[in-house]
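Chemist: Okay, so the sequence shown: first residue is 9 according to this note's numbering, each after it adds one.
Note that beta-carbon positions come from the ideal geometry of N, C-alpha and C, so glycine has one too.
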Amino acid sequence: MPEHLHLSGAFTNPLNKSVNRRSTSSPAPMFIMDREGRLLDSQGSFIDEPQTEPPPSNPSANPPMHPVKRLPDNFIDRTTRKRFAETVVRTSKTTSFSHVENEIAWRYTIYPVFSADGTIGHFLLTVRVISTETVAERKIHNNLGAITDLYDAIPASIIIVDADMRLAGWNRFSRDTINGLSDLEMQGINPLKRVHPDDFAEISRKVHDIIHFDVEESAEFRMFHKKGPPYKWAMFRGKRAIIENKPCMVAVVTEITELKEAEEKQKKLQEQLLQYQKMELVGQLAGGIAHDFNNALAAIIGNTELVLGKLDPSNPVVSNISDIHTLALRSAAMTRQLLAFARKQVVMPIVFNLNEAVSECIHLHQRLFDENIHLEWFPCNQPLMVKIDPAQLNQILSNLLINARDAISNGGQIRIDCRHVHFDQADCNNEHSGMSPGDYARLSVSDTGSGIDVAILPHIYEPFFTTKEVGKGTGLGLSTVYGIVMQNNGHIECHSEPGKGTTFDVWLPSHLECSAKEEESAEEGQLAMHRTETIMLVEDEPYILKLIRDILESHGFTVLTTRDAEECLQTADEQEHRIDLVVSDVVLPSMNGIEMSRLLQERNPDLKLLFMSAHAPEHVSRQKKLREGVDFIQKPFGIDDFIRAIDRVLNTHETQL
9 MPEHLHLSGA
19 FTNPLNKSVN
29 RRSTSSPAPM
39 FIMDREGRLL
49 DSQGSFIDEP
59 QTEPPPSNPS
69 ANPPMHPVKR
79 LPDNFIDRTT
89 RKRFAETVVR
99 TSKTTSFSHV
109 ENEIAWRYTI
119 YPVFSADGTI
129 GHFLLTVRVI
139 STETVAERKI
149 HNNLGAITDL
159 YDAIPASIII
169 VDADMRLAGW
179 NRFSRDTING
189 LSDLEMQGIN
199 PLKRVHPDDF
209 AEISRKVHDI
219 IHFDVEESAE
229 FRMFHKKGPP
239 YKWAMFRGKR
249 AIIENKPCMV
259 AVVTEITELK
269 EAEEKQKKLQ
279 EQLLQYQKME
289 LVGQLAGGIA
299 HDFNNALAAI
309 IGNTELVLGK
319 LDPSNPVVSN
329 ISDIHTLALR
339 SAAMTRQLLA
349 FARKQVVMPI
359 VFNLNEAVSE
369 CIHLHQRLFD
379 ENIHLEWFPC
389 NQPLMVKIDP
399 AQLNQILSNL
409 LINARDAISN
419 GGQIRIDCRH
429 VHFDQADCNN
439 EHSGMSPGDY
449 ARLSVSDTGS
459 GIDVAILPHI
469 YEPFFTTKEV
479 GKGTGLGLST
489 VYGIVMQNNG
499 HIECHSEPGK
509 GTTFDVWLPS
519 HLECSAKEEE
529 SAEEGQLAMH
539 RTETIMLVED
549 EPYILKLIRD
559 ILESHGFTVL
569 TTRDAEECLQ
579 TADEQEHRID
589 LVVSDVVLPS
599 MNGIEMSRLL
609 QERNPDLKLL
619 FMSAHAPEHV
629 SRQKKLREGV
639 DFIQKPFGID
649 DFIRAIDRVL
659 NTHETQL
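The following block contains the structure:
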């Protein structure tokens with residue numbers, strides 16, 4: 009069939025004869041159609057409309073194009089023919105389309121017929137049957153065979169739910185793998201009853217919307233699973249389908265339990281990272297505040313002690329100055345808690361048995377509890393060797409016990425126990441993601457108090473966060489515990505439920521060294537009251553520099569004062585007589601005291617050193633030579649403690665850093 013037909017004149021018999029010749033050689037019915045979609049016979053009459061004129065007197069003059077006396081009942085309607093005719097006029101190209109009617113598929117093709125002036129006034133329409141196979145026959149070949157096998161082979165649950173929320177169909181995977189029930193057992197049952205009760209309302213609403221409003225929905229939910237745990241996470245995607253003239257939902261359900269667990273783990277790790285970052289930032293702030301505050305307290309404590317030493321005890325101002333001294337010492341204890349939280353303090357860890365240390369601490373803390381609070385202690389049946397500063401362990405227990413006491417209002421119980429625990433990699437990946445594999449000593453403190461609300465739990469380790477009344481707590485207790493535990497490579501967890509009490513679990517790494525007390529050094533000499541040694545003092549805070557100089561000079565030392573490392577090195581070069589001891593702050597403007605002292609010892613290997621600091625930075629805390637009571641003293645300090653430290657350093661045989 010040609011793509012285009014051209015008219016040499018009006019729509020006349022010669023054209024009809026030409027078309028007739030083509031039609032007689034075509035096996036498909038052919039019609040002439042105008043731009044309105046009307047079909048014409050060879051006489052120009054509309055064969056798909058009632059005849060308005062009598063038939064011609066000589067029917068043989070113009071034989072029909074094709075032996076089609078009338079249009080079939082399933083012939084394409086005129087509106088559709090007109091729409092496709094307009095498409096042909098617009099594109100000037102032949103167009104084809106298919107149409108199914110009474111379970112038979114037809115193929116229609118429309119060819120443009122061009123007039124002499126190039127316009128399209130008529131069209132040639134051909135019709136042929138594509139398939140005589142009925143829908144019922146196709147069901148026999150497809151649905152009963154390949155379709156059923158295909159659905160049963162899919163490794164996901166496929167279900168069909170009707171408008172009455174009844175199971176209308178499911179595949180083998182859904183029946184055998186997920187539910188474990190037979191077709192007979194599930195007949196007429198609402199499959200949504202297999203959904204977890206907490207997710208049932210949302211899933212029911214979405215299924216209703218799919219069936220009645222023809223929307224596509226998806227959701228995550230927990231569904232019953234025969235292979236336990238009873239409920240597993242799944243995702244469904246549903247769409248409406250018309251089956252036997254009734255609306256239904258066809259849904260594909262896939263299990264996503266492993267994905268949800270991975271998401272939860274990732275979320276937990278992200279929360280831990282954010283919490284760690286937040287605590288690190290707050291710790292930096294706390295450490296900076298504590299450093300400056302400790303310097304001020306050092307001056308207050310030292311000067312009040314100097315004044316008290318010069319005043320007659322009967323002087324009326326002694327009481328006021330003593331109060332200032334007491335308050336300064338109390339403030340110093342608070343800053344030590346800040347430094348513990350910030351992990352900026354220099355600690356002196358030793359190896360000891362946790363059972364014995366906790367027993368001693370409990371004995372000292374008995375006075376904290378009223379008679380209506382019963383304290384129980386359950387030590388481990390084997391030694392638990394840990395390496396930590398004993399003072400830090402005391403801080404941990406003090407804060408946890410005070411919090412437990414305050415949580416109990418009308419009598420209750422506090423339980424302390426120690427246990428040996430081993431964590432492998434699987435434990436660290438799942439339950440204790442913040443820990444490393446290995447052996448730990450677990451210290452637990454539990455109470456039967458009021459418990460902690462879920463909304464408060466994420467904030468309990470933050471400095472100054474407290475639920476206690478004004479004047480009954482600083483909010484530094486748990487932040488101090490957190491900082492100490494982290495500083496010692498441990499881990500802390502809190503388990504609490506309102507009205508049912510709280511448990512704090514502290515894990516400290518087990519230590520393999522045997523517990524042994526260090527041999528006592530030679531008996532300390534008397535406090536230096538009148539010494540002749542020369543001491544180089546390096547301190548950048550003027551009021552601290554003046555205070556320490558006054559203290560040393562009052563005890564007979566010769567004192568050289570400098571404010572930074574550069575001035576100290578220059579003074580040492582210019583000094584003709586021997587310098588016996590350098591007392592230096594760790595943090596100095598241009599060069600830290602550690603590096604400066606190494607340069608001094610290169611010139612004088614026998615030079616002795618004593619460091620002091622309001623806090624020790626990270627790089628200082630890693631210096632193993634900095635041992636409190638030997639070559640380091642923490643600010644603020646009392647005069648007696650400072651002079652004892654001077655005396656110990658001058659009498660020690662160790663000099664090199």
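Report the rounded CA-to-CA distance for Ser598 versus Leu405, giving the unit in angstroms.
Modeler: Distance between the alpha carbons of Ser598 and Leu405: 40 Å.
Chemist: Going by CA-CA distance only, name the one from Leu451, Leu289, Asn411 and Leu617 that's closest to Ala365.
Modeler: Closest by alpha carbon: Leu451.
Chemist: In chain order, what residues of the same chain have a beta carbon less than 7 Å from the beta carbon of Tyr448, not counting five sequence neighbours either side?
Modeler: Hits under 7 Å: Val429, Phe431, Trp515, Leu516, Pro517 and Ser518.
Chemist: Let me check understanding here. Comparing Cα to Cα, which of Val394, Asp378 and Trp241 lies closest to Phe360?
Modeler: Phe360 has its Cα closest to that of Val394, out of Val394, Asp378 and Trp241.
Chemist: Between Ile468 and Cys502, how many whole angstroms is the CB-CB distance? I'm expecting something under 8 Å.
Modeler: Between Cys502 and Ile468 the Cβ distance is about 6 Å, and since that is below 8 Å, they are a contact.
Chemist: Around the C-beta of Val203, are 16 or more other C-beta atoms found within 10 angstroms, so that it is buried, or is it exposed?
Modeler: Buried: at least 16 other Cβ atoms inside 10 Å.
Chemist: What do you get for Ala341, buried or exposed, if any count of 16 or more other CB atoms within 10 angstroms of its CB means buried?
Modeler: Exposed, since its Cβ has fewer than 16 Cβ neighbours within 10 Å.
Chemist: Which ranges does the alpha helix (DSSP H) cover as unbroken runs of at least 4 residues, wholly within the region 187-226, from first to last along the chain?
Modeler: Taking only runs of at least 4 residues, the alpha helix (DSSP H) segments lying wholly in the region 187-226 are 191-194 and 205-221.
Chemist: If we count Cβ pairs, one from each stretch, closer than 8 Å, do we get three or more for the region 608-620 versus the region 587-598?
Modeler: Contact holds: three or more Cβ-Cβ distances are below 8 Å.
Chemist: Taking the alpha helix (DSSP H) that His371 falls in, what are its first and last residues?
Modeler: Start and end: Leu362 to His373.
Chemist: Distance check for Val462 and Asp548, CA to CA, integer angstroms please.
Modeler: Taking the straight line from one Cα to the other gives about 47 Å.
Chemist: Which class does Pro517 belong to by DSSP, given the choice of helix, strand or coil?
Modeler: Residue state, collapsed to three classes: strand.
Chemist: What distance in whole Å lies between the Cβ atoms of Met38 and Thr127, which are believed to be in contact at a cut-off of 8 Å?
Modeler: Rounded, the Cβ-Cβ distance is 22 Å, inconsistent with contact.
Chemist: Kindly give me the distance between the Cβ atoms of Ile647 and Ile559, rounded to whole angstroms, as I take these residues to be in contact under 8 Å.
Modeler: With 8 Å as the limit, Ile647 and Ile559 qualify as a contact, their Cβ atoms being about 6 Å apart.
Chemist: Apart from the five residues on each side of it in sequence, which residues of its chain come closer than 6 Å, Cβ to Cβ, to Phe301?
Modeler: For Phe301, where only same-chain residues beyond five positions count, the Cβ hits under 6 Å are Thr343.
Chemist: Which of helix, strand or coil does DSSP assign to Phe650?
Modeler: In this structure, Phe650 counts as helix in the three-state DSSP scheme.
Chemist: Considering only C-alpha positions, which residue in the set Arg86, Ser212, Pro120 and Asn198 is nearest to Arg98?
Modeler: For Arg98, the nearest C-alpha among the options comes from Pro120.
Chemist: Whole angstroms is fine: what's the gap from Thr474's alpha carbon to Gly459's?
Modeler: Cα to Cα, Thr474 sits roughly 14 Å from Gly459.
Chemist: Return helix, strand or coil for Ala449, following the three-state DSSP convention.
Modeler: If DSSP states are grouped into helix, strand and coil, Ala449 belongs with the strands.
Chemist: Please classify Ile2: is it buried, with 16 or more other beta-carbons within 10 angstroms of its beta-carbon, or exposed?
Modeler: There is no way to answer for residue 2, as the model of the chain reaches only from 9 to 665.
Chemist: Compute the beta-carbon to beta-carbon distance between Ile329 and Ile308, rounded to the nearest angstrom, for a pair I have assumed lies under 8 Å.
Modeler: In fact, because the Cβ distance is near 10 Å, the residues do not count as touching under 8 Å.
Chemist: If you reduce the DSSP assignment to three classes, tell me which class Ser592 lands in.
Modeler: Here Ser592 sits in strand by DSSP.
Chemist: Given a cut-off of 7 Å, decide if Cys369 and Asn402 are closer than it, judged by their beta-carbon atoms.
Modeler: Yes, the Cβ-Cβ distance between Asn402 and Cys369 is below 7 Å.
Chemist: Determine which residues share a DSSP beta bridge with Arg656 and list them.
Modeler: Per DSSP, none; premise fails for Arg656.
Chemist: Look up Pro255 in the DSSP assignment and say whether it is helix, strand or coil.
Modeler: DSSP places Pro255 in strand when its eight states are reduced to three.
Chemist: Drop a sphere of 10 angstroms on the beta-carbon of Val493, count the other beta-carbons inside from all chains shown, and report buried for 16 or more, exposed for fewer.
Modeler: The residue is buried, with at least 16 neighbouring Cβ atoms inside 10 Å.
Chemist: For the beta strand (DSSP E) holding Ser406, just list the boundary residues, first then last.
Modeler: First-last for Ser406: Pro398 to Ala415, but that is the alpha helix (DSSP H), not the beta strand (DSSP E).
Chemist: Is Asn187 buried or exposed, if buried means 16 or more other CB atoms sit within 10 Å of its CB?
Modeler: Buried is the call here.
Chemist: Run through DSSP, which three-state label would Asp184 get?
Modeler: Helix at Asp184.
Chemist: Count the other C-beta atoms from every protein chain shown that fall within 10 angstroms of the C-beta of Leu465, then say buried if there are 16 or more, exposed otherwise.
Modeler: Leu465 is exposed by the Cβ-count criterion.
Chemist: Can you tell me whether DSSP reads Met494 as helix, strand or coil?
Modeler: Helix at Met494.
Chemist: I'd like the span of the beta strand (DSSP E) that includes Glu603, first residue to last.
Modeler: That residue, Glu603, is in no beta strand (DSSP E); its alpha helix (DSSP H) goes Gly601 to Arg611.
Chemist: Assess, as a yes-or-no matter, whether the region 645-660 is touched by the region 554-568 under the definition of 3 or more beta carbon pairs within less than 8 Å.
Modeler: The answer is yes - the region 645-660 touches the region 554-568, with three or more Cβ pairs under 8 Å.
Chemist: Leaving out five residues on either side along the sequence, give the residues of the same chain with a beta carbon under 8 Å from the beta carbon of Thr87.
Modeler: Closer than 8 Å at Cβ, skipping near neighbours: Gly45.
Chemist: Quick one: what's Lys240 bridged to in DSSP?
Modeler: In the DSSP output, where bridge partners are listed per residue, Lys240 has Met231.
Chemist: Touch check for the region 603-615 and the region 266-274: three-plus C-beta pairs under 8 Å?
Modeler: With the cut-off at 8 Å, the region 603-615 and the region 266-274 do not touch.
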